[in-house]
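Engineer:
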Amino acid sequence: MVISAAVLAGLGILAAVATPKLLSLTSTPQFCNSCHVMNEEYETWFMTGIHRTIQCIDCHLPNDNILNHLIWKGIDGTRDVVYFHTATYAEPIEISERGKGFIKANCIRCHEGIVSRIATDDQDCWSCHRRINHKAAIFNSSITR
Numbered sequence: 667m668v669i670s671a672a673v674l675a676g677l678g679i680l681a682a683v684a685t686p687k688l689l690s691l692t693s694t695p696q697f698c699n700s701c702h703v704m705n706e707e708y709e710t711w712f713m714t715g716i717h718r719t720i721q722c723i724d725c726h727l728p729n730d731n732i733l734n735h736l737i738w739k740g741i742d743g744t745r746d747v748v749y750f751h752t753a754t755y756a757e758p759i760e761i762s763e764r765g766k767g768f769i770k771a772n773c774i775r776c777h778e779g780i781v782s783r784i785a786t787d788d789q790d791c792w793s794c795h796r797r798i799n800h801k802a803a804i805f806n807s808s809i810t811r
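Every letter in the sequence shown is one number past the one before it in this note's numbering, and letter 93, counting from 1, is 759.
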């Protein structure tokens, strides 16, 4: 019983120390780009500069509360790792309807002062702001070069 209590205590300490570091490491755009299927998305984020000062998770995960954020980070991250290592991802990558909802909610959260005067439930931010879409940013940058 003493050994298992010591093991549990050790695992608890390891989790307390490692979890913040792991969360920090897996929250960077460079980590998101560690899968080659994300190269174009990373390049558009880095090169277009519109939202270059924020992280992928600021748009692509829910940010309404920390618990919801961590749950979806775990779910989406696990799914992405499985898809990548089993080569079962779609090319080109398409965002899910749930993901579009996260992005729209985060646009509204960050740009609340402006959006509160113009937004409706049936509009998506990227219907007008086409350059925030990774694919549109690739197209726009290729025609302006």
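Even glycine gets a Cβ: it sits at the ideal position worked out from N, Cα and C.
1) So, with DSSP's three-state summary, where would you put Gln696?
2) Out of Glu709, Ala671 and Arg775, point me to the one whose CA is closest to Asn731's CA.
3) If we count the other Cβ atoms within 10 Å of its Cβ and call it buried at 16 or more, is Met713 buried or exposed?
4) Excluding five sequence neighbours on each side, which residues of the same chain lie with their C-beta closer than 6 Å to the C-beta of Trp738?
5) Could you check whether Ser693 and Ile723 sit closer than 8 Å to each other, using their CB atoms as the reference points?
6) Would you mind listing the alpha helix (DSSP H) stretches within the stretch 729–782 that are 4+ residues and don't spill past its ends, in chain order?
7) Keeping to the same chain, check which residues put their C-beta closer than 7 Å to that of Gly779; ignore five residues upstream and five downstream.
Structural biologist: Reading from the atomic positions:
1) On the sequence shown, position 30 is the one that residue 696 refers to. Note: Gln696 maps to helix in three-state DSSP.
2) In the sequence shown, the residue the question calls residue 731 occupies position 65. Answer by Cα proximity: Arg775.
3) Position 47 of the sequence shown, counted from the start, is the residue given in the question as residue 713. It counts as exposed.
4) Taking the sequence shown and counting its residues from 1, one reaches residue 738 at position 72. Same-chain partners within the cutoff: Leu727 and Pro728.
5) Numbered from 1 along the sequence shown, position 57 holds the residue referred to as residue 723. Numbered from 1 along the sequence shown, position 27 holds the residue referred to as residue 693. A contact, by the Cβ cut-off of 8 Å.
6) 732–751 and 763–776
7) Taking the sequence shown and counting its residues from 1, one reaches residue 779 at position 113. Excluding positions up to five away in sequence, the list is empty.
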